[in-house]
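Here our numbering runs 2 ahead of the position in the sequence shown, where the first position is 1. Where a beta carbon is used, it is the ideal one built from N, C-alpha and C, also for glycine. Inspection log for the structure reproduced underneath, given as structure tokens.
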Amino acid sequence: MSILDRFTTTDQVAVVTGAGRGIGAATAVALAESGSDVVISARTAGQLEGVAERIRAAGRRAVVVPADLSDLDAVAGLAHAAYDAFGRLDTVVNNVGGTIPNAFLDTTPDYLEEAFHFNVTTAHALSVAAVPLMLTSEQSGARGQKSITVISSMMGRSAGRGYLAYGTAKAALAHWARLAATDLAPSIRVNGIYVGSVMTSALEFVAGVPEMMDQLETKTPLGRVGEAEDIAAAVVYLSSRAGQYVTGKLLEVDGGIQAPNLDLGLPDVST
3 MSILDRFTTT DQVAVVTGAG RGIGAATAVA LAESGSDVVI SARTAGQLEG VAERIRAAGR
63 RAVVVPADLS DLDAVAGLAH AAYDAFGRLD TVVNNVGGTI PNAFLDTTPD YLEEAFHFNV
123 TTAHALSVAA VPLMLTSEQS GARGQKSITV ISSMMGRSAG RGYLAYGTAK AALAHWARLA
183 ATDLAPSIRV NGIYVGSVMT SALEFVAGVP EMMDQLETKT PLGRVGEAED IAAAVVYLSS
243 RAGQYVTGKL LEVDGGIQAP NLDLGLPDVS T
């Protein structure tokens with residue numbers, strides 16, 4: 003096997019959540035280009051169909067499952083959809099998540115719990131459903147070829163005003179990956195990615211404000227906002243034989259930032 007062959011996922015089956023656009027869409031297409039058939043899910047069927055066309059153009063099969071992925075039964079059902087369609091399950095990418103920044107006193111307990119549910123509990127629900135099917139479909143060969151990847155955020159390892167709910171949830175998701183990796187070794191590898199500022203729909207508003215974009219770029223050591231494909235490439239690495247000796251780790255794919263690169267301008271709390 004050549005070194006480039008190690009970066010392929012030929013004939014594997016993957017599930018990618020939040021796959022209608024942005025990082026999820028880029029990841030689904032990247033896995034297809036590396037050789038996987040892919041089950042994709044998000045709320046909007048039209049977006050998913052566009053991604054499915056790109057998967058099929060890469061010569062792989064796609065299954066489209068429109069769903070509200072905050073529904074734990076719906077997200078868990080994706081594992082069974084993959085197994086029913088393809089007879090195996092090798093890769094899970096927990097990408098769905100996100101929380102709008104908020105001031106501390108506006109971050110209610112319900113808001114915090116909602117952030118945890120959408121970013122962490124959904125990933126756990128899908129993974130719990132997937133693991134028995136991944137073990138059942140385990141093929142002969144090198145140990146550790148089944149893989150779960152979670153998409154965390156650099157806000158899960160640093161502090162910035164306004165990101166309490168989002169950062170807490172993403173930090174929990176990152177540590178979930180470390181703990182799950184211990185529980186599932188050696189059969190299934192579990193890793194995550196600390197994502198920096200990536201040009202997706204979440205940054206559309208920022209992209210339209212030159213001062214904010216300048217802040218993002220100048221406070222990033224590599225001097226630019228990331229592309230969704232930057233994250234997708236890391237997922238392919240973690241999902242392929244290239245990453246077969248990596249588990250319980252969080253890759254920092256963030257342009258080199260060590261602190262938040264966008265000041266939301268929230269004032270000090272006051273009476």
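Can you grab the Cα-Cα spacing for the pair residue 161 / residue 36, in whole Å? Roughly 36 Å separates the two Cα atoms.
Extent of the continuous alpha helix (DSSP H) run through residue 180: Note, residue 180: alpha helix (DSSP H), 166-186.
Straight-line CA distance for residue 272 to residue 217? In this model, residue 272 and residue 217 are separated by some 27 Å (Cα to Cα).
Pull up the DSSP beta-bridge partners for residue 254, would you. 196
To the nearest angstrom, how far is the alpha carbon of residue 126 from that of residue 176? One C-alpha to the other measures close to 12 Å.
For the structure I just gave you, are there three or more beta carbon pairs, one from the region 231-239 and one from the region 24-32, closer than 8 Å? yes
Determine the burial state of residue 203: buried for a count of at least 16 other Cβ atoms within 10 Å of its Cβ, exposed for fewer. Per the 10 Å Cβ criterion, exposed.
Are the beta-carbon atoms of residue 38 and residue 92 separated by less than 9 Å? yes
Determine the burial state of residue 73: buried for a count of at least 16 other Cβ atoms within 10 Å of its Cβ, exposed for fewer. Exposed, since its Cβ has fewer than 16 Cβ neighbours within 10 Å.
Exposed or buried, residue 260, counting other C-beta atoms within 10 Å across all chains shown (16 or more means buried)? exposed
Count the other C-beta atoms from every protein chain shown that fall within 10 angstroms of the C-beta of residue 256, then say buried if there are 16 or more, exposed otherwise. buried
From residue 210 to residue 201, what distance separates their C-alpha atoms? The straight-line gap from Cα to Cα measures roughly 12 Å.
For residue 174, which residues from the same chain have a beta carbon less than 7 Å from its beta carbon, with the 5 sequence-adjacent residues on both sides left out? Excluding positions up to five away in sequence, the list reads 118 and 122.
Unbroken alpha helix (DSSP H) run spanning residue 76, endpoints: 74-88
Please work out which residues of its chain come closer than 7 Å, Cβ to Cβ, to residue 167, disregarding the five sequence neighbours upstream and downstream, and give them in chain order. 101, 104, 109, 113, 114 and 117
Proximity winner among 54, 7, 69 and 81, relative to residue 46 (alpha-carbon distances): 69
Using only the alpha-carbon positions, how far apart do residue 81 and residue 9 sit? 23 Å
Rounded to whole angstroms, what is the Cα-Cα separation between residue 13 and residue 40? 10 Å
By alpha-carbon positions, which one of 241, 18, 49 and 159 ends up nearest to residue 97? 18
Is the separation between the beta-carbon of residue 183 and that of residue 124 shorter than 9 Å? no
Assign residue 228 to one of three DSSP states: helix, strand, or coil. strand
Under three-state DSSP, which class holds residue 8? helix
Three-state secondary structure (DSSP) at residue 21? Under the three-state reduction of DSSP, residue 21 is assigned to coil, being neither helix nor strand.
Residue environment, residue 138, which counts as buried when at least 16 other CB atoms sit within 10 Å: exposed
Give the single residue among 237, 219 and 165 whose Cα lies nearest to the Cα of residue 150. Among 237, 219 and 165, the Cα nearest to that of residue 150 belongs to 237.
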